[in-house]
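Engineer: Below you will find the structure I want to go over with you.
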């Protein structure tokens, strides 16, 4: 893909979560105490079922793992806290990592006449995978990829 040529040596991509706050409600599934994470805002981090990463990014993040005690919010830990310490670039490419119900056959991104969805999640039963694959195959690219992509 053409946009991958622009990546820096240490880069990870998927959906970037910007300025997210830790959830402090002890009854919530994603509760994080101030002992575990004292700041009011997480560093920007990635979330999603798939990441694309350069090898230097992984090596840089792993080189800093000894600096942090265990933290169960793995997305925040590896792609936020440790990536920030390792000076890894986060690239927000959310249009390519899509939730199945939000994948629009008319406006999906394309390059060279091919849909560029790298990952589609939201399948709950095996038949969903077949449906999602069919939706990707039916996609008619309309040439709007670069116009839309330039907004990011």
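In the working numbering, the protein residues as written are 1 to 152. Quick reminder that beta carbons are idealized off the backbone N, C-alpha and C, glycines included. Remember, predicted model here, so these are calculated numbers, not experimental data.
1) What residues in its chain sit with their C-beta under 6 Å from that of residue 83, if we drop five residues either side in the sequence?
2) Starting from residue 91, trace the beta strand (DSSP E) in both directions and tell me its first and last residue.
3) Residue 47 by DSSP, collapsed to three states: which one?
4) If we ignore side chains and look at the alpha-carbon of each, how far apart do residue 26 and residue 33 end up?
5) Distance, Cα to Cα, residue 44 vs residue 19?
6) Measure the C-alpha to C-alpha separation of residue 74 and residue 127 and round it to an integer number of angstroms.
7) With DSSP collapsed to three states, give me the class of residue 131.
8) Since residue 12 is in the beta strand (DSSP E), which residue starts that stretch and which ends it?
9) When you compare only the Cα positions, how much space is there between residue 42 and residue 66?
10) Does the beta-carbon of residue 15 have 16 or more other beta-carbons within 10 angstroms, so that it is buried, or is it exposed?
11) Could you pull the DSSP bridge partners for residue 53 from this structure?
12) Thinking C-alpha only, which one of 134, 135, 68 and 97 is nearest residue 51?
13) Taking Cβ positions, are residue 47 and residue 17 nearer each other than 7 Å?
14) Taking the CB atoms as reference points, tell me whether residue 39 and residue 64 lie closer together than 7 Å.
15) Output the boundary residues of the alpha helix (DSSP H) element that contains residue 36.
16) Could you tell me the boundaries of the alpha helix (DSSP H) in which residue 77 lies?
Structural biologist: According to the data block:
1) As a first step, residue 83 is located in the chain shown; it is residue number 83 there, counting from the start. Once the five neighbours on either side are set aside, the close Cβ partners of residue 83 are 61.
2) One-based indexing of the chain shown puts residue 91 at position 91. Segment 89–92, the beta strand (DSSP E) holding residue 91.
3) Working through the chain shown from its first residue, we reach residue 47 at position 47. When secondary structure is reduced to three states using DSSP, residue 47 falls in the strand class.
4) Taking the chain shown and counting its residues from 1, one reaches residue 26 at position 26. Taking the chain shown and counting its residues from 1, one reaches residue 33 at position 33. One C-alpha to the other measures close to 8 Å.
5) The residue labelled residue 44 in the question sits at position 44 within the chain shown. The residue labelled residue 19 in the question sits at position 19 within the chain shown. Near 6 Å, if we compare the C-alpha coordinates of residue 19 and residue 44.
6) For the purposes of this step, residue 74 is taken as residue 74 along the chain shown, with counting starting at 1. For the purposes of this step, residue 127 is taken as residue 127 along the chain shown, with counting starting at 1. About 30 Å.
7) Residue mapping note: residue 131 aligns to position 131 of the chain shown, counting from 1. DSSP places residue 131 in helix when its eight states are reduced to three.
8) What you label residue 12 is simply residue 12 of the chain shown in a count that begins at 1. Here the beta strand (DSSP E) through residue 12 covers 11–17.
9) Locating residue 42 in the chain shown gives position 42, where the first residue counts as 1. Locating residue 66 in the chain shown gives position 66, where the first residue counts as 1. Rounded to the nearest whole angstrom, the C-alpha separation of residue 42 and residue 66 is 19 Å.
10) Sequence index remark: in the chain shown, residue 15 carries index 15 (1-based). Looking at its Cβ environment, which holds 16 or more other Cβ atoms inside 10 Å, residue 15 is buried.
11) For the purposes of this step, residue 53 is taken as residue 53 along the chain shown, with counting starting at 1. DSSP output for residue 53 lists 12 as bridge partner(s).
12) Residue numbering aside, residue 51 sits at position 51 when the chain shown is read from its first letter. Minimum Cα distance to residue 51 is reached at 97.
13) Residue numbering aside, residue 47 sits at position 47 when the chain shown is read from its first letter. Residue numbering aside, residue 17 sits at position 17 when the chain shown is read from its first letter. Yes, Cβ-Cβ distance for residue 47 and residue 17 is below 7 Å.
14) Numbered from its first residue, the chain shown carries residue 39 at position 39. Numbered from its first residue, the chain shown carries residue 64 at position 64. Not in contact: residue 39 and residue 64 (Cβ atoms no closer than 7 Å).
15) The count along the chain shown starts at 1 and reaches residue 36 at position 36. It is not in any alpha helix (DSSP H) - residue 36 carries neither H nor E in the DSSP assignment.
16) Counted from its first residue, the chain shown places residue 77 at position 77. Element bounds for residue 77: n/a, residue is neither H nor E.
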